[in-house]
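Asks: Mapping of the sequence shown onto the working numbering: position 126 corresponds to residue 1158, and the numbering continues sequentially without gaps.
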Amino acid sequence: MHTVYILDFGIARKYTNHKGELKTRRAEVRFKGTVGEGRCGVVVLPAIGSHRQGLPWKKIDDKNIVQGRKEEARKDKDLYGTLKCKNDYQKILTYIDRLEYTDHVDYQFIYEKLKRIAAQQSINIDDPYDFEPPSKK
């Protein structure tokens, strides 16, 4: 199985100091990036966006409205249409959304859901990504 990295580039930073201790959480994080791609886990929505004629915030420039639309989309189960994996997918998103700064991530939970989704979609989770050369076994 490949390692899956969940990144939010809008708020990414090193969260431990040189001693490995957890830094104090920032009170506020400035908006970074482009409006369409910033914050709220947009990384998980690209396939859905192409499936439904673009993302719900495609033509909106106001970052506050876009943020609200992204938050609504994360909770809209109809957004996933007829995907066989929508229940497990929603469980992953709900879990991630509930995490707090100091929480340890239960990667096993996420990996198990991803394995289940792959099985539902008849995907071999050990196959190389599209951009990787095929492995020589």
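For glycine and all other residues, C-beta sits at the position ideal for the given N, C-alpha and C.
As the structure is a prediction and not an experimental result, all values here were calculated from the model.
(1) Taking residue 1109 and residue 1122 to be in contact with their CB atoms under 8 angstroms, please state how far apart those CB atoms are, rounded to whole angstroms.
(2) Going by DSSP, what residue range makes up the alpha helix (DSSP H) through residue 1152?
(3) Evaluate the contact criterion for the region 1105-1120 versus the region 1134-1149: three or more CB pairs, one atom per stretch, below 8 angstroms.
(4) Under the three-state reduction of DSSP, which class applies to residue 1048: helix, strand or coil?
(5) If you follow the alpha helix (DSSP H) that residue 1120 is in, where does it begin and where does it stop?
(6) Report the three-state DSSP secondary structure of residue 1054 (helix, strand or coil).
(7) Report the rounded CA-to-CA distance for residue 1165 versus residue 1091, giving the unit in angstroms.
(8) Alpha carbon to alpha carbon, how far is residue 1048 from residue 1054?
(9) Flag this pair as yes or no: are the beta carbons of residue 1057 and residue 1127 separated by less than 7 angstroms?
(10) To the nearest angstrom, how far is it from the Cα of residue 1154 to the Cα of residue 1139?
Replies: Reading it off the structure:
(1) 6 angstroms
(2) 1139-1152
(3) yes
(4) strand
(5) 1118-1130
(6) strand
(7) 36 angstroms
(8) 4 angstroms
(9) no
(10) 22 angstroms
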